[in-house]
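Chains as they are written, first to last, in the numbering used here: chain V, 270 to 589; chain U, 827 to 1169; chain G, 827 to 1169; chain Y, 83 to 334; chain E, 83 to 334.
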Amino acid sequence: ACDSSSPAESGSASDDGSSNASSLPEPSMQPEGCETTDELEIGLVTINLQALFFNQINEAAQAMADEYGVDLQIISGENDSVTQANAINTLVADGVDAIIVAAIDTEGIKPAIRAADEAGVPVVAVDAIVEDPAVDTQVGTANAEGGAQIGELLLEESGGEGEVGIVGALNSTIQLERQRGFEEAVTEGGMTIGTVVDGRNIQENAQTAAENLLTGNPDLQYLYATGEPALIGLAAAVRSQAAQDRVTVVGWDLAEPVVDGLEEGWIAGVVQQNTFEFGYQAMAAAIDLACGNPVQEEYPVDTQIVTPENYEDYLYYLEG
Amino acid sequence: MTATTLPGEADTASRRLARPQSWWQRANKATLIMAVVTLAVCAFFALSSDTFLTFANISNLATQVAPVLIVAVAMTFVITAGQIDLSVGSIIAFVSAVCAQLLVAGWDSSLVLIAGLLMGAGWGLVNGWFTAYAGIPAFIVTLATLSVIRGIALLTTQGFSVPIDSSTFFAQLGSARWLGFSSSAWIAVLIVALGLVTLHRLRFGQYVVGIGAAEESVRRAGVNVRRVKMWTLMLSGLAAGIAGILVAARLGSGSANSAQGFELTVIAAVVLGGTSLFGGRGTVVGTLIGAVLITVIANGLTLIGVSPFLTPIITGTVLLLVIWVNLRSVGIAHALRRLGVRS
Amino acid sequence: MTATTLPGEADTASRRLARPQSWWQRANKATLIMAVVTLAVCAFFALSSDTFLTFANISNLATQVAPVLIVAVAMTFVITAGQIDLSVGSIIAFVSAVCAQLLVAGWDSSLVLIAGLLMGAGWGLVNGWFTAYAGIPAFIVTLATLSVIRGIALLTTQGFSVPIDSSTFFAQLGSARWLGFSSSAWIAVLIVALGLVTLHRLRFGQYVVGIGAAEESVRRAGVNVRRVKMWTLMLSGLAAGIAGILVAARLGSGSANSAQGFELTVIAAVVLGGTSLFGGRGTVVGTLIGAVLITVIANGLTLIGVSPFLTPIITGTVLLLVIWVNLRSVGIAHALRRLGVRS
Amino acid sequence: MTDETGDLLVELRGITKSYGPVQSLRGVDLTLRRGEVLGLVGDNGAGKSTLMKVLAGAVQHDGGEIRVHGRPVSFASPADAQGEKIGIVYQDLALCDTLDVASNLFLGREPHRGPFVDKRKMHEQAAQILADLHVKVSSTHQEIGTLSGGQRQTVAIARAVSFAPDVLILDEPTAALAVAEVESVLRLITDVASRGVGVILITHRLQDLFRVCDRITVMYEGESVDDVPIGELDIEKLVALITRSEPQQGVA
Amino acid sequence: MTDETGDLLVELRGITKSYGPVQSLRGVDLTLRRGEVLGLVGDNGAGKSTLMKVLAGAVQHDGGEIRVHGRPVSFASPADAQGEKIGIVYQDLALCDTLDVASNLFLGREPHRGPFVDKRKMHEQAAQILADLHVKVSSTHQEIGTLSGGQRQTVAIARAVSFAPDVLILDEPTAALAVAEVESVLRLITDVASRGVGVILITHRLQDLFRVCDRITVMYEGESVDDVPIGELDIEKLVALITRSEPQQGVA
Ligand SMILES: Nc1ncnc2c1ncn2[C@@H]1O[C@H](COP(=O)(O)OP(=O)(O)OP(=O)(O)O)[C@@H](O)[C@H]1O
Ligand SMILES: Nc1ncnc2c1ncn2[C@@H]1O[C@H](COP(=O)(O)OP(=O)(O)OP(=O)(O)O)[C@@H](O)[C@H]1O
Ligand SMILES: [Mg+2]
Ligand SMILES: [Mg+2]
């Protein structure tokens, strides 16, 4: 349905991408489009504006929208599923041609999506998987699988024994999924889950929680952080407790403070989702849906595992 | 010693004293101005967006304002009585999560509805008891229960949202419509009406205002002020329970993470409406206007396509501006009135 | 007519009147009990966890309590004066994000530090002006700026967590230690000392208490109450600026996502310490104890490995319990005292 | 006017009350008979108001006994005291500033029709009561907080009287009143007493006491020190009792 | 005692003030000379307190002119009036309940050493002032909120007097005071007046007026209606002036 190259290539294409004027990597796919693309209106309902993750999805979507002259309206869900439902209802009332949504609550978004579907507005779900027939296209990876992947990596590091401490965010369903996938993988591999602390998706809360975790468990060797604020906080905690030598950390989402850890080697791996591809593919699908072109039901975007060996290839994510 | 009362003099005097006030005298000037400002904001959005005044959007608006409004009406009583309830967001999350779980466990919708209301009122009772009978400031009590209630909800759901079968009556409550407006909207209307009557026509309302103004005076008047204070917090708990049910029904799922920061939105609506945070003055109509204004701003900014980064900045600025105009304009209203009288 | 004043009588009378109070009379009983309760909580954790009393953990605790404590001391003034500041969390986020960006832009650390303080105080001034001079309730003003300030921070960072080069003096501030305690901890100690002196020894402190008790009376005494109110909010802004700098320095990055919900933690610490939310009564020592208690509970629960799902439940319950004991124990203290006197 | 053989309405025995270190009442005895007007006098800070708060249930005493109509009672709240038909005008008036005149007048016993407060009736009755007492306010809709000191006081008096109590306590009811209003209040006192109500009047206007009282109880530093029929007193003697000194020549 | 030729301290001309629909002052004239004690009387709600709040800068008037020492002034705040050395005891006292006695006494002009409030000195001076005025409180450390009505009032009077004002306004200063304290206050008034201070005394105790006043200004429904030297008055005439009726026989 589209001239897509393999999504896996996009990571290695980073070098050309960063030399690009817009400093965004090249999209791996373009919409088929139609004559009226420059009259289209598309709404994007995101989770929040505080995480780089969502902003990069927005950026990529905006870039592609600009290219095709599409009018893109981005709305922040402010971490509240009711706000997201309100936003979708408002967009439907406004008569947009398609809606892209990164759902906070994959269950709670369904009635709003169904209402959009009934009103004839196609819906693309990005990042979190929403299992509902009203969703026309899914773009993204399963968060639980990403958690399992990084769990596998940690099992290799640890040889399948030892205890893992977790810095999570109980107020984020997505991060709970990541935690669940990870826990299943590592316990199967022979490791045990130690203390779990809640960083509430805020950096310095995560730092404080992680510090307490490290102090309370002086023998703890392995740590896992389920999101960007958690990982940044955990990294700061490891430094402030001078625990670089005794711990091995894995987590989600590349960020500048994390790069140092990768460089020094005590961060063994980071799950990086291809946020730009999320944005591009979701936008491409939305445009095609709005034009009435056929689209795939799923566009899987591979998660990438950033390791001390390959981290330099991924630094383009951090160019703002 | 000079009290030479003529027959009938006291009578005319008493008639003069009790003379009912004119509409203008009775009207709360600040609320009037607030209504005018809100209309102005609406007019602005109506001019900037074709969709704003469509029936679909107005119906949307009514649905969106409902949970805030329902809780805000109850919160008006709480704040007017000089108390506060920070736990309403957590109660919403609790009720929505537990109701969804009960439905999954196979309870009948009607039972779940009753359970939801009871849970809301029950948490309100806990807040109320600690505030009124144990004498702990409501701010602290509800700050503590805020954390406890959501904690329990998180614990029972393990943080995941629980889907509600869309065939249940409970879920249909979320999509039911009458005259084009959702059930949430109608329930909100009902609760505003109840709030109006309760605050302005029942003894309870008198005591709520009195307690906010001078609790000790009301106590000395022989009123059981503890019970009244407990009731206000129970009402806000109950209202949060209703809102929790409506949110769960509308989202088709219950989640322990819903309605975070909801208490601030509600309190903002109440205070924007002219209710004094120090107690003693409260108006349900003002709360209605405050809640509508907040919702309209969010809705309107989306419709005219403002960048999401600018939305919080504009929202905050508009709120500040509105209140500022409102404060100035009590003077303006008097001036206008005086002009009107002269001409 | 019976005022037969003997020479010297007035003198002895005046000496009796001004007799300084004993230590026990002066001591705030509630604060004392609170300290005892906090010690009990500490003792519990010390018994349940080997690590709790290690120097490393105590040093950690001191660092962790610092930002809350710094802002809470300033907030004590705000609340004692009958105001409130909900925007402190947003100011922290703003200052930390902008400072990091300025460092990236190549500014010198010392300049950035000054800029950070100025930004904090500047936002505080905005809050203060709207509250004191435009007459808008502080709750509304800071609710609006809460949204505006974080909005601007988000806009400038676009969600990036801006790294701070660890070789800068700014970043070293985060890791600097003296006598085993971090710079944050020492700064917090300094600010508590300043707060004590300001509240109890300066005119400003007297006026703050007076305004909280009866603003109109202080105004009639010829005090410029507007300026005092503006100053309190400026102080809380400034304190939030300091906290923002420390948070950024410690994390080694500045982010607009910092310090969400921070205001509630700070207000909880202040109110837990015995400062009245209605104004007129405040104690810096109480705030110190409140902030330490909240931090110790979070730290201790993690050390003894409580499930994160149980943490909020236990925290809330403990807070409620502590306040409850505290309220009861003013009576207990008197009873003890009476026993002590008799024996 | 009074009925010396009237049955005992109120009997206080050895009432004590401390506020932390401050001992406000150190053992006070007081009796009040039906139809009697009792003057309660004493220096500033003697404990008069505290005693009356105890009798009205607003404050709980530490020790001693209260008997009303001969039965020992204990008041856990002002409502209990109202149940025994004890009405009081507090020295600080105990009004709600943001409520209007009529609402304050009827606070706690609003006329109602079904569950609703009958606002019209409330305002009419309030107007009637105020007009009867010649209270000078412009409207029953005015907020109490905006009234003058004297106006507030008359509303508080009107409130207490309209309860039709058996025992009426007036704690410096005329402090802020103008001459004509003081006369009305004094007339009111003799009126209600002649209808069998027991009145306790606290005032520092000693000449008023001589016009309406039957008996004077004197308090000094938290104790009741004298209880004298009015006939045995003149103003100098009374001043001497209050200040615990020998009566002097010069009169205020 | 007074100096009839003394220069004009205060001159109010046609002061008006409305609160929304309520017109509290409809044009009031008032003059006060150095060393003079002026009695300001009127019915409850006549506007006396409102007028004094205007003169003390606590309330801003709508129309009319204020002259102090012959110069027209306009007070934007109480601080401005204090700058003109106008001191006042408000009818509602204007104290801060949670501050102690000494802090209230010195609110706004605390003795200080460098930047610090000199608490010891403050308490000592406060004790001195209170002892001089025979105020009956137990300690300067007591919170104002826990004092009795009369004690509060004496603290407020002590506060106003210790400012050493040129113009001293007393709004019903003796309403809650016991006999001896009233005497002290009256003595105080003649004292300060003899030192050249102009005193405005509002009171409903008419006999006190005859003991200290030189002149009486009468207000009625927001207007000043009479201004009479005390020599031309007796108590019946004064009552008649206040109530705007013919003097009668019966005296209170
Ligand atoms: N809540 C309280 N806390 C501490 N002391 C108090 C409290 N209430 C009253 N007191 C003290 O008790 C004493 C008696 O006060 P009370 O008000 O009964 O005096 P009173 O006889 O009514 O005086 P007045 O004639 O001035 O009204 C005073 O010394 C007062 O300071
Ligand atoms: N803030 C206000 N709002 C509305 N009306 C007010 C306000 N303040 C005073 N008034 C009205 O102004 C009139 C004069 O009040 P003021 O207090 O000056 O009387 P006063 O002469 O001092 O009486 P009193 O002898 O009872 O103290 C009263 O009718 C009162 O109701
Ligand atoms: Mg008294
Ligand atoms: Mg007055």
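Yeah, the Cβ is synthetic: ideal placement off N, Cα and C, and Gly gets one too. Since this is a predicted model, take the numbers as computed values, not measurements.
CA-to-CA distance, residue j to residue i, given in whole angstroms
i: SER220/E; j: PRO487/V; result: 59 Å
i: LEU832/G; j: ASP214/E; result: Legend: pLDDT at LEU832/G = 44, less than 50; position of this residue unreliable, value from coordinates given subsequently. Near 12 Å, if we compare the C-alpha coordinates of ASP214/E and LEU832/G.
i: LYS203/Y; j: ALA176/Y; result: 23 Å
i: SER291/V; j: GLU567/V; result: For SER291/V, the predicted structure reports a pLDDT of 49, less than 50, and the residue's modelled location is therefore unreliable. A value from the coordinates is still provided. Cα-Cα distance, rounded: 28 Å.
i: ASP174/Y; j: ALA138/E; result: 24 Å
i: LYS167/E; j: VAL243/E; result: 11 Å
i: PRO300/V; j: GLY364/V; result: 21 Å
i: ALA388/V; j: GLY409/V; result: 25 Å
i: THR325/E; j: HIS205/Y; result: 27 Å
i: LEU843/G; j: ARG287/E; result: 31 Å
i: HIS151/E; j: GLY117/E; result: 13 Å
Cβ-Cβ distance between residue i and residue j below 8 Å
i: ALA1019/G; j: GLY946/G; result: no
i: ILE1115/U; j: ALA872/U; result: no
i: VAL507/V; j: VAL519/V; result: no
i: ALA504/V; j: GLY530/V; result: yes
i: ILE97/E; j: MET134/E; result: no
i: LEU370/V; j: VAL339/V; result: According to the sequence displayed, residue 370/V carries Val and not Leu. Contact: no.
i: LEU980/G; j: PHE1007/U; result: no
i: LEU252/E; j: GLN235/E; result: no
i: GLN513/V; j: GLU533/V; result: yes
i: ALA128/Y; j: GLY304/Y; result: yes
i: TYR601/V; j: PHE451/V; result: What the structure shows of chain V is the stretch from 270 to 589, and residue 601/V is not part of that stretch, so it cannot be assessed.
Opening and closing residue of the alpha helix (DSSP H) in which residue i lies
i: ASP363/V; result: 350 to 363
i: LYS99/E; result: Note, LYS99/E: premise wrong, no alpha helix (DSSP H); beta strand (DSSP E) at 90 to 101.
Proximity test, residue i beta-carbon vs ligand 5 heavy atom, cut-off 7 Å
i: GLN235/Y; result: Looking for ligand 5 in the displayed structure turns up nothing; the ligands present are ligand 1, ligand 2, ligand 3 and ligand 4.
Residue interval of the beta strand (DSSP E) (run including residue i)
i: MET301/E; result: 297 to 302
i: GLY165/Y; result: Counting along the chain, GLY165/Y falls outside any beta strand (DSSP E), though it belongs to the alpha helix (DSSP H) covering 160 to 165.
Cβ contact (3+ pairs, closer than 8 Å) linking the segment 1044 to 1060 of chain G and the segment 870 to 888 of chain G: no
The segment 922 to 936 of chain G touching the segment 979 to 987 of chain G, judged by at least three CB pairs closer than 8 Å: yes
Given 8 Å, three or more beta-carbon pairs between the segment 262 to 272 of chain Y and the segment 93 to 112 of chain Y: No, because fewer than three Cβ pairs between the segment 262 to 272 of chain Y and the segment 93 to 112 of chain Y fall closer than 8 Å, the two stretches do not touch.
At least 3 beta-carbon pairs within less than 8 Å: the segment 967 to 975 of chain U vs the segment 905 to 921 of chain U: yes
Chain-ordered list of residues that sit, by beta carbon, closer than 5 Å to a heavy atom of ligand 1: In chain order, the hits are TYR101/Y, VAL104/Y, SER106/Y, ASN126/Y, GLY127/Y, ALA128/Y, GLY129/Y, LYS130/Y, SER131/Y, THR132/Y, THR228/E, LEU229/E, SER230/E, GLY231/E and GLY232/E.
The segment 1091 to 1106 of chain G in contact with the segment 1033 to 1043 of chain G per 3-pair CB rule at 8 Å: yes
Three or more C-beta pairs below 8 Å linking the segment 244 to 256 of chain E and the segment 274 to 290 of chain E: Judged by Cβ distances under 8 Å, the segment 244 to 256 of chain E makes contact with the segment 274 to 290 of chain E, as three or more pairs qualify.
The segment 468 to 486 of chain V touching the segment 440 to 452 of chain V, judged by at least three CB pairs closer than 8 Å: yes
Sufficient close CB pairs (3 or more, under 8 Å) joining the segment 952 to 970 of chain U to the segment 1090 to 1097 of chain G: yes
The segment 398 to 409 of chain V contacting the segment 374 to 389 of chain V, beta-carbon criterion three pairs below 8 Å: yes
Touching by the beta-carbon criterion (3+ pairs, under 8 Å), the segment 304 to 318 of chain V and the segment 549 to 558 of chain V: yes
Cβ contact (3+ pairs, closer than 8 Å) linking the segment 949 to 961 of chain G and the segment 1118 to 1134 of chain U: The segment 949 to 961 of chain G makes no contact with the segment 1118 to 1134 of chain U, as fewer than three CB pairs between them are under 8 Å.
The segment 1041 to 1057 of chain G touching the segment 898 to 912 of chain G, judged by at least three CB pairs closer than 8 Å: yes
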